[in-house]
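S.K.:
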Amino acid sequence: MVRLRVAPSPTGLPHVGTAYMALFCVAFVRQQGGEFILRIEDTDQARRVEGAEESIFAMLRWLGLDWDEGPDVGGPYGPYRQSERLLIYQAHAEELIRGGHAYRCWCTPQRLAEVRAEQQQRKQPPRYDRFCLGKSADERSREGGFAPNPVIRLRMPDGETISFDDLVRGTIQFESDLIDDQVLIKSDGFPTYHLAAVVDDHLMEITHIVRGEEWISSTPKHLVLYDRFGWKPPRIAHLSLLRNVDRSKISKRKDPWANLPWFLDQGFLPEALLNFLALMGFSVPDAGGGTREVFGLDEFARAFDWERVGTTAPAFDLEKLTWLNGVYIRGLPIGDLVRRAGPFLAAAGIDSVDAGYVRRVVALEQERIHRMGEIGDLTQFFFQDPLTPDASALIPRGLTAHEASRALERATDLFAEARDLVDAAAMETRFRELVASLDLKAGQLFSLIRVAITGTTKSPPLFDTAVVLGPDRVARRLQRALAVLREAAKQERIAANRELIRQKEEEHRRIMDAVTPEILASLPTVAMDYGADESLKNGDDG
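Written out as C-alpha cells, the structure reads:
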C-alpha cells in the first residue's frame, strides 16, 4: 500500500505550497487506494506560532484534503508531532554515533564562521572541516572555539557518487565530497529536519515523498542516512516551486496569496483553487488528444501519472485563478451558491431576513461573480438605495439634460403602468416601444434607467434587475433621479438664456464700436435693456 505524507511547520499562516504538495499526495493516494498522513514538524520551537497548527488543520479540511492519520485523528504510527518524538531521534542519533556514521561537534558559531570565510577566500565549497571528528569532549575542550553543548553531525562518505531516480526529474547525481557534514541534532537537543524526516518517514512506513525542488540538494544526505540505518528509502518526487508571474518566488512577507487563508477571505472556492494548483504542475488529457482546463479532484486522481508532472516552475497567475473561480461559481446550484454567499453578504452588512429575495438577487448576479468576496459590492444596490447619481452620470451621451429628463419622465410613467409585470422580456418589449416613440437609441434610454435604479453603469440584465428590485424600489429611485435631471434641465435653460443675453450684448457692443462719435452725437438716445426680461435669466419657459 502506498503511504504519503505532508509535513508542514506551524511557524505562521499555512502556505499555499503546503496545499500544492498535499494535493499531489492525495491525488496519488486516491488513485492507488493508499493512505495520506499529516505530520507536524515543530522542532523549530523558536519560530512556532500559537494557533498555526489549528490553522493548518482548518485550511486543509476547507480544501477537502483530509488525512487518514495525524495529530488530531491519531493512528498506529503516532505521535504525529515531532516535538513529541524527541527521544526517538536521540536514540537514532546515538545509533549512528556508535556505528561511526555520526560524531559530536563542539565548535562555536564564531569558529564555524571563520572556517567558512577561509574556504570562500580559497574558493572551496563551504564544508565543516571535521575538527571535532574522533575527539572526546575533554580533548576538544582544551582547544579554541569550544562550546559546551555539542551538536551531532552526519559523517558524509568520501569520494562517492550518490544518485537517485526522481519520479519527476529522472536520475540525479551528487558527489559526496561537495556535501557538508549535516547537523542532525542541534545543541538544544532538538533534531534538524534531516534526521527527523528520515526517521519519521521510515517508522511511519512512508513509501513516496512529495516535496519542493528546494530539497533536491538535501536528498543525498537523506539517502546516506537511509543507507547507514540499513533502511530502504522511499521514492521521491520533487515538484517545481510556485512562482509569481514575474518569476519571483512567492513570499509570505510580500505576497498575501502565499497564505492559504487569503484565498478563503477573498472568496475563492476550494474546488477552484485545487483545480488551479493541479494545473500548476499537471496536464489532464482530454478525449481529443489535448488537455483540459477544468477538472475536479477525482478526475485529477484518475488521470494522475508522474510522467505528466511538469518540471518547469509554474506561474501563479491570479487572473487565471479568478477566471477559473468564476467558472466554478457559475456551475454551482443556486442553493449552494446562496449558502456560500451568506458569510460574504453578512460581512458587507447585508443581513436580509427575506431569504427568497436574497435567493433571487444571488441567482441574478451569479453570472457576474468571479470571487465570493465581490458579492457584497455587486449586490449592495438590491438591499440599500444607492446614493442618488449626479446629472453627469445620469445623462446619456448625445442627450441634453432636458431630453434626458423628458425621457426619464416617460419611463417613470411606463414603469408605473407596468408595475404588475413580472416578466422581464415583456417589460423590455414595452420599453423598446417607448424608445421608438422618443426617437432615441435603446442604449440611451436603458443606460439612463440603469444608472437611475442601480447607481451604476454595470448590472445584471436591466429588466431582470427591475423585476427583482420590485416596483416600489424602482419608483422611489426613479423619482430621485428625475428630481436631479429636472434641476439639471433648469440650470441648462438658465445657462442657455445667459449665453443668449451675452451674445446680444456682444452684438450691441460691436455695433456701437462701429459708430463714430459724430454719428453717435447726432442720434437720439435709445434705451437698450436686454436684462429687463427676468424670465430669461431665471430659465422660465414663459
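So that you can map any letter, position 175 of the sequence shown is 175 in the numbering used here, and since no number is skipped, the others follow by simple counting. The beta carbon of each residue, even a glycine, is placed where N, CA and C say it ideally should be.
Kindly identify the DSSP beta-bridge partner or partners of Gly74.
M.R.: Sequence index remark: in the sequence shown, residue 74 carries index 74 (1-based). Per DSSP, Gly70.
S.K.: Taking just the CA atoms, how far does Arg360 sit from Ala7?
M.R.: Numbered from 1 along the sequence shown, position 7 holds the residue referred to as residue 7. Numbered from 1 along the sequence shown, position 360 holds the residue referred to as residue 360. Those two C-alpha atoms are separated by around 44 Å.
S.K.: Near Phe344, which residues of its chain fall below 8 Å by C-beta distance, leaving aside the five closest residues on each side in sequence?
M.R.: Your numbering for residue 344 matches position 344 in the sequence shown. Excluding its 5 nearest sequence neighbours in each direction, Phe344 has C-beta neighbours in its own chain below 8 Å: Gly267, Met372, Gly373, Ile375 and Gly376, listed in chain order.
S.K.: Do Asn244 and Phe316 have their C-beta atoms within less than 8 Å of each other?
M.R.: Position 244 of the sequence shown holds residue 244. Position 316 of the sequence shown holds residue 316. Their beta carbons are under 8 Å apart, which means Asn244 touches Phe316 by this criterion.
S.K.: Do Arg153 and Asp181 have their C-beta atoms within less than 8 Å of each other?
M.R.: As a working note, residue 153 is residue 153 in the sequence shown. As a working note, residue 181 is residue 181 in the sequence shown. It is a contact, given that the beta carbons lie within the stated cut-off.
S.K.: At which residues does the alpha helix (DSSP H) containing Leu239 begin and terminate?
M.R.: Walking along the sequence shown from the start, residue 239 turns up at place 239. Careful: Leu239 lies outside any alpha helix (DSSP H), inside the beta strand (DSSP E) at Arg235 to Leu239.
S.K.: Does the stretch 401–421 come close enough to the stretch 442–452 that 3 or more CB-CB pairs lie under 8 Å?
M.R.: yes
S.K.: If Val327 and Val294 are in contact, beta carbons under 8 Å, what's the gap, nearest whole angstrom?
M.R.: Taking the sequence shown and counting its residues from 1, one reaches residue 327 at position 327. Taking the sequence shown and counting its residues from 1, one reaches residue 294 at position 294. That belief holds up - the Cβ atoms of Val327 and Val294 are roughly 6 Å apart, short of 8 Å.
S.K.: Measure the C-alpha to C-alpha separation of Met59 and Thr11 and round it to an integer number of angstroms.
M.R.: As a first step, residue 59 must be located in the sequence shown, where it is residue number 59. As a first step, residue 11 must be located in the sequence shown, where it is residue number 11. One C-alpha to the other measures close to 15 Å.
S.K.: Might you give, ordered along the chain, the residues of its own chain that have their beta carbon closer than 8 Å to the beta carbon of Glu487, omitting 5 neighbours on each side?
M.R.: For the purposes of this step, residue 487 is taken as the residue at position 487 of the sequence shown. Excluding sequence neighbours, Glu487 sits near Ala391.
S.K.: Beta-carbon within less than 7 Å of Ala22's beta-carbon, same chain only, minus the 5 sequence neighbours each way: which residues are those?
M.R.: Residue numbering aside, residue 22 sits at position 22 when the sequence shown is read from its first letter. Only Val6, Leu60 and Leu65 meet the Cβ criterion.
S.K.: Using the C-alpha atoms, what's the distance from Val73 back to Ser352?
M.R.: On the sequence shown, residue 352 is found 352 positions in, with the first residue counted as 1. On the sequence shown, residue 73 is found 73 positions in, with the first residue counted as 1. Distance between the alpha carbons of Ser352 and Val73: 39 Å.
S.K.: Tell me which residues share the same chain as Phe131 and place their Cβ nearer than 7 Å to its Cβ, disregarding the 5 neighbours each side in the sequence.
M.R.: Residue 131 sits at position 131 when you count from the first residue of the sequence shown. If we look at Phe131 and ignore the five residues flanking it on each side, its Cβ neighbours are Cys107.
S.K.: Among residues of its own chain, excluding the 5 on either side of Arg509, which ones have a beta-carbon nearer than 6 Å to its beta-carbon?
M.R.: As a first step, residue 509 must be located in the sequence shown, where it is residue number 509. Cβ within range, chain order: n/a, list empty.
S.K.: If distances are taken between C-alpha atoms only, which option among Ile179, Ser437 and Val474 comes closest to Arg450?
M.R.: Counted from its first residue, the sequence shown places residue 450 at position 450. That would be Val474, whose Cα lies nearest to the Cα of Arg450.
S.K.: To the nearest angstrom, how far is it from the Cα of Gln45 to the Cα of Trp62?
M.R.: Counted from its first residue, the sequence shown places residue 45 at position 45. Counted from its first residue, the sequence shown places residue 62 at position 62. Going by the C-alpha atoms only, they are around 27 Å apart.
S.K.: Answer with buried or exposed for Val224, where buried requires no fewer than 16 other C-beta atoms within 10 angstroms of its C-beta.
M.R.: In the sequence shown, counting from the first residue as 1, residue 224 sits at position 224. When all chains shown are included, Val224 counts as buried.
S.K.: Looking only at its own chain, which residues have a Cβ that is under 6 Å from the Cβ of Ala272, when we skip the five neighbours before and after it?
M.R.: Within the sequence shown, numbered from 1, the residue matching residue 272 stands at position 272. The answer, listed in chain order, is Leu324, Asn325 and Tyr328.
S.K.: The beta strand (DSSP E) spanning Ser546 covers which residue range?
M.R.: A query on residue 546 cannot be resolved here, the shown segment of the chain reaching from 1 to 542 and no further.
S.K.: Going by beta carbon distance, what residues of the same chain come within less than 8 Å of Arg104, once the five residues before and after it are set aside?
M.R.: Along the sequence shown, one-based indexing puts residue 104 at 104. The answer, listed in chain order, is Ile97, Cys132, Ala137, Pro150, Val151, Ile152 and Arg153.
S.K.: Could I get the ranges of all uninterrupted beta strand (DSSP E) runs contained in the stretch 198–251, with 3 residues as the minimum, in chain order?
M.R.: Listed in chain order, the complete beta strand (DSSP E) runs (minimum 3 residues) inside the stretch 198–251 are 208–212 and 235–239.
S.K.: Is Val468 closer than 8 Å to Leu364 when the C-beta atoms are compared?
M.R.: The residue given as residue 364 occupies position 364 in the sequence shown. The residue given as residue 468 occupies position 468 in the sequence shown. Yes, the Cβ-Cβ distance between Leu364 and Val468 is below 8 Å.
S.K.: Relative to the C-alpha of Arg430, which candidate in Leu440, Ser240 and Leu414 has its C-alpha closest?
M.R.: Within the sequence shown, the letter at position 430 stands for residue 430. Comparing Cα-Cα distances from Arg430 to each of Leu440, Ser240 and Leu414, the minimum goes to Leu414.
S.K.: Which whole runs of the beta strand (DSSP E) in the stretch 112–180 are 3 residues long or more, in chain order?
M.R.: Runs of the beta strand (DSSP E) inside the stretch 112–180: 146–154, 161–166 and 170–175.
S.K.: Classify Arg330 as buried or exposed, calling it buried when 16 or more other Cβ atoms lie within 10 Å of its own Cβ.
M.R.: Indexing the sequence shown from 1 puts residue 330 at position 330. Counting every other CB atom within 10 Å of its CB across the protein chains shown gives Arg330 a total below 16, marking it as exposed.
S.K.: Give the DSSP-derived three-state secondary structure of Leu536 in the structure shown.
M.R.: Counting from 1 along the sequence shown, the entry for residue 536 is found at position 536. With a pLDDT of only 46 at Leu536, under the threshold of 50, the placement of this residue in the model should not be trusted; the figure read from the coordinates follows. DSSP places Leu536 in helix when its eight states are reduced to three.
S.K.: Quick check on DSSP: helix, strand or coil for Thr311?
M.R.: Walking along the sequence shown from the start, residue 311 turns up at place 311. Coil at Thr311, not helix or strand.
S.K.: Round the Cβ separation of Gly145 and Arg116 to the nearest angstrom and send it over; I've been treating them as touching at under 8 Å.
M.R.: Indexing the sequence shown from 1 puts residue 145 at position 145. Indexing the sequence shown from 1 puts residue 116 at position 116. Not a contact, Cβ separation roughly 13 Å.
S.K.: Are Pro220 and Ser248 close, meaning C-beta to C-beta below 8 Å?
M.R.: Indexing the sequence shown from 1 puts residue 220 at position 220. Indexing the sequence shown from 1 puts residue 248 at position 248. Contact flag unset, no.
S.K.: Is it buried or exposed, Gln366, if we count other Cβ atoms within 10 angstroms and call 16 or more buried?
M.R.: Numbered from its first residue, the sequence shown carries residue 366 at position 366. With 16 or more other Cβ atoms within 10 Å, it is buried.
S.K.: Can the beta-carbon of Ile37 be found less than 8 Å from the beta-carbon of Gln82?
M.R.: If you number the sequence shown from 1, residue 37 lands on position 37. If you number the sequence shown from 1, residue 82 lands on position 82. Contact flag unset, no.
S.K.: Grouping DSSP H, G and I as helix and E and B as strand, with all else coil, what is Phe383?
M.R.: Residue mapping note: residue 383 aligns to position 383 of the sequence shown, counting from 1. Phe383 falls in the helix class under three-state DSSP.
S.K.: Taking its Cβ as the centre, do 16 or more other Cβ atoms sit within 10 Å of Val422, making it buried, or is it exposed?
M.R.: In the sequence shown, the residue the question calls residue 422 occupies position 422. So Val422 counts as exposed.
S.K.: Anyone know if the C-beta pair for His15 and Ala258 falls short of 8 Å?
M.R.: One-based indexing of the sequence shown puts residue 15 at position 15. One-based indexing of the sequence shown puts residue 258 at position 258. Taking 8 Å as the Cβ cut-off, His15 and Ala258 qualify as a contacting pair.
S.K.: Report the three-state DSSP secondary structure of Val435 (helix, strand or coil).
M.R.: Taking the first residue of the sequence shown as position 1, residue 435 is located at position 435. It is helical.
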